[in-house]
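Residue numbers (full-length UniProt numbering): 1 to 433.
Note that the Cβ used here is the ideal one computed from N, Cα and C, for glycine as well.
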């Protein structure tokens, strides 16, 4: 669109404000996005950036241009006559200084008539009001999808074009949105500008701060429409809803097993690859899952942060606490689809269902014997390894299985019984001091 100048607001998702080229004098009631430096960047259609405060169209007879059409370097820039009363910044236009001063005063004069939310800029209010009206005036020319903001449309269209115009100067990684680039650059800088007002913890992303803040407030704004369970994070709600729908969108490329969560798929694939990227700082053990590592490290520290509200018993793992609490409540939420039998644990249900299916997914790497449960496989493997982890505290003898140790302990008890009976019958003299 020739003859127009697009004023790009500070937020990449802000609406574009179009100013006719024949009149770029800024009126006081026009609201622009102001950069932190106190200047407004005007992006021309040919991607050349100039400063709006340095641009004022004059009549053709006195346009400030040389016969070649190039700007006259001697043309004086407008004086910065408008000074911020709070800091040292100055501006050419009174409208700009008014907008800037709101960063100091916190003034938000533009209020939504629907929900009362306030904004510093009129353009931001208009964009917000589309949430209430449902208006989506910006349409994708490729697929017809509609958007409330031009910034969202532009970012969406890059899915079709594959364009990633925002490149990191440190590592060369490219992004479809300017905001994504800014977030990424904080990794290199180590910058964490978003701080929790409750505990002082800092974050690189404002979304992560909002999620964290809900730990303090207890807010759970995302509610399941099926069972009314609530969640602090939208992603957790979506993952939970798959329990109801049965959807398992993540597929293993090795065995075609499917998962509800991406994290579960990644952890599962490490079974195939043998990768164990999470290492214990106390011992040499490694784990395929970060959660497994954290739970393991508590065996070293003795920490048991999860306490039962019924009997005050504590646990190292939250899942163990939930499973334990079902003893008190009698809840058996896991039902067999074959016979209707109920269980307190998913592991018990899965093991039970293998009776119906005949599945034995746990295979010995030494002799290829298969098992329905992981526990029996581990016990079996000790035959090959010779491992005997269960030791008798009385005589020091070791055993590969716990049940063998328990049987062995009975031999000590039986040997002690005849001596005890002799003492009772008085065959031994009493001990005197």
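Can you tell me whether residue i is helix, strand or coil according to DSSP?
i           : result
residue 434 : Any property of residue 434 remains undetermined from this structure, which presents the chain solely from 1 to 433.
residue 314 : strand
residue 180 : helix
residue 118 : strand
residue 289 : coil
residue 281 : coil
residue 94  : helix
residue 398 : strand
residue 82  : strand
residue 202 : strand
residue 404 : helix
residue 188 : helix
residue 244 : helix
residue 335 : strand
residue 434 : The question about residue 434 has no answer, for the chain in this structure spans 1 to 433.
residue 363 : strand
residue 142 : coil
residue 156 : helix
In whole angstroms, give me the CA-to-CA distance for residue i and residue j.
i           : j           : result
residue 361 : residue 399 : 26 Å
residue 386 : residue 177 : 58 Å
residue 357 : residue 220 : 40 Å
residue 150 : residue 126 : 13 Å
residue 297 : residue 414 : 39 Å
residue 316 : residue 303 : 6 Å
residue 397 : residue 374 : 26 Å
residue 132 : residue 114 : 7 Å
residue 384 : residue 326 : 38 Å
residue 81  : residue 100 : 14 Å
residue 198 : residue 190 : 22 Å
residue 89  : residue 98  : 12 Å
residue 330 : residue 109 : 57 Å
residue 404 : residue 372 : 21 Å
residue 293 : residue 300 : 11 Å
residue 291 : residue 276 : 12 Å
residue 311 : residue 305 : 15 Å
residue 376 : residue 390 : 16 Å
residue 179 : residue 212 : 21 Å
residue 270 : residue 254 : 10 Å
residue 118 : residue 314 : 47 Å
residue 210 : residue 410 : 58 Å
residue 307 : residue 346 : 21 Å
residue 87  : residue 105 : 12 Å
residue 412 : residue 388 : 19 Å
residue 214 : residue 192 : 19 Å
residue 273 : residue 248 : 22 Å
residue 251 : residue 258 : 5 Å
residue 79  : residue 107 : 27 Å
Near residue i, what residues of its chain come up, given a Cβ to Cβ distance below 7 Å and the 5 sequence neighbours on each side ignored?
i           : result
residue 165 : none
residue 155 : 176, 177
residue 408 : 392, 397, 399
residue 353 : 336, 338
residue 47  : Here residue 47 scores only 31 on pLDDT, less than 50, and its place in the model is too uncertain to base an answer on.
residue 112 : 125, 128, 129
residue 342 : 332, 334, 335
residue 256 : none
Please decide whether residue i counts as near chain D, where near means a Cβ-Cβ distance under 8 Å.
i           : result
residue 259 : The structure shown has no chain D; it contains just one protein chain.
Cα-Cα, which of the options is closest to residue i?
i           : options            : result
residue 121 : 132, 176, 96       : 96
residue 103 : 111, 84, 408       : 84
residue 321 : 338, 301, 336, 344 : 344
residue 246 : 332, 252, 235, 260 : 260
residue 123 : 148, 134, 212, 250 : 148
residue 328 : 393, 309, 376, 342 : 309
residue 244 : 227, 185, 301, 289 : 227
residue 222 : 214, 233, 349      : 233
residue 366 : 235, 355, 382, 409 : 382
residue 278 : 287, 272, 300, 412 : 287
residue 169 : 129, 390, 188      : 188
Quick one: what's got a C-beta closer than 8 Å to residue i's C-beta in the same chain, skipping five residues either side?
i           : result
residue 183 : 204, 205
residue 208 : 194
residue 240 : 224, 229, 231
residue 369 : 363, 380
residue 295 : 316, 317
Measuring only from the beta carbon, is residue i closer than 7 Å to any heavy atom that is part of the ligand GTP?
i           : result
residue 305 : Looking at this structure, you won't find the ligand GTP or any other ligand, since it has none at all.
Between which residues of its own chain and residue i is the CB-CB distance below 6 Å, once the five residues before and five after are set aside?
i           : result
residue 401 : 379
residue 186 : 204
Just checking, does the segment 277-286 make contact with the segment 248-266 on the three C-beta pairs under 8 Å criterion? no
Examine the Cβ distances between the segment 153-162 and the segment 133-142 and report whether three or more of them are shorter than 8 Å. yes
If we count Cβ pairs, one from each stretch, closer than 8 Å, do we get three or more for the segment 333-340 versus the segment 309-324? The answer is no - the segment 309-324 does not touch the segment 333-340, with fewer than three Cβ pairs under 8 Å.
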